[in-house]
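Colleague: In my numbering, the protein residues as written are 27 to 184.
Following this line, the structure appears as structure tokens:
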């Protein structure tokens, strides 16, 4: 497995539980995303999502929001989000998002119970944002030396 080490007072420990290739400047539907990673929302099939450290919340919209609505239950709170396309209404929910490890010797998938903004009005890609998701994991991006070697490392924050 592709492993990253972190130094503690006594030794060095592996901190990532999985890794996978990621895509740079990839098109998802009609959206060009800077960093695209594979994930699974609840029990749906895997899809590509925008990894966005500048996004306040993870955002799940459109057909995916409609498909998981019954599974995720009551909202934590209703909310309105301002985007570059205008404001959208939605609500914050507890949603299981699984980061998918690569296929050959890449460790384990990582499922995180997130707090995510869910809105059927959002027509963009799934966004993996900071609050409620990225703040709960350790992650690193290795841009690689040649195209096709970009590696996304991930593990739970301890």
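From the three backbone atoms N, C-alpha and C, an ideal C-beta is built for every residue, glycine too. Computed from a predicted model, the values in this text were never measured in an experiment.
Helix, strand or coil: which one does DSSP assign to residue 139?
Modeller: As a position in the chain shown, residue 139 is number 113, starting the count at 1. In the three-state reduction of the DSSP assignment, residue 139 falls in the strand class.
Colleague: If residue 68 sits next to residue 103, beta carbons under 8 Å apart, how far is it from one beta carbon to the other, in whole angstroms?
Modeller: On the chain shown, residue 68 is found 42 positions in, with the first residue counted as 1. On the chain shown, residue 103 is found 77 positions in, with the first residue counted as 1. 20 Å between Cβ atoms; not a contact.
Colleague: How about the region 41 to 53 and the region 122 to 137: do they share at least three Cβ pairs that are nearer than 8 Å?
Modeller: Touching, per the Cβ criterion.
Colleague: What is the C-beta distance between residue 124 and residue 66, in whole angstroms, given that I count them as a contact (C-beta under 8 Å)?
Modeller: Looking up residue 124 in the chain shown gives position 98. Looking up residue 66 in the chain shown gives position 40. Contact flag correct, Cβ pair sits at about 4 Å.
Colleague: If I measure Cβ to Cβ from residue 79 and keep anything under 7 Å in the same chain, skipping five residues before and after, which residues do I get?
Modeller: Working through the chain shown from its first residue, we reach residue 79 at position 53. Counting only Cβ-Cβ distances below 7 Å, and skipping sequence neighbours, we find 156 and 160.
Colleague: In this structure, does DSSP put residue 64 in helix, strand or coil?
Modeller: In the chain shown, residue 64 corresponds to position 38, counting from 1. Residue 64: strand per DSSP, three-state reduction.
Colleague: When DSSP labels each residue in this structure, what does residue 131 get in the three-state scheme?
Modeller: Against the chain shown, residue 131 aligns to sequence position 105. Reduced to three states, the DSSP call for residue 131 is coil.
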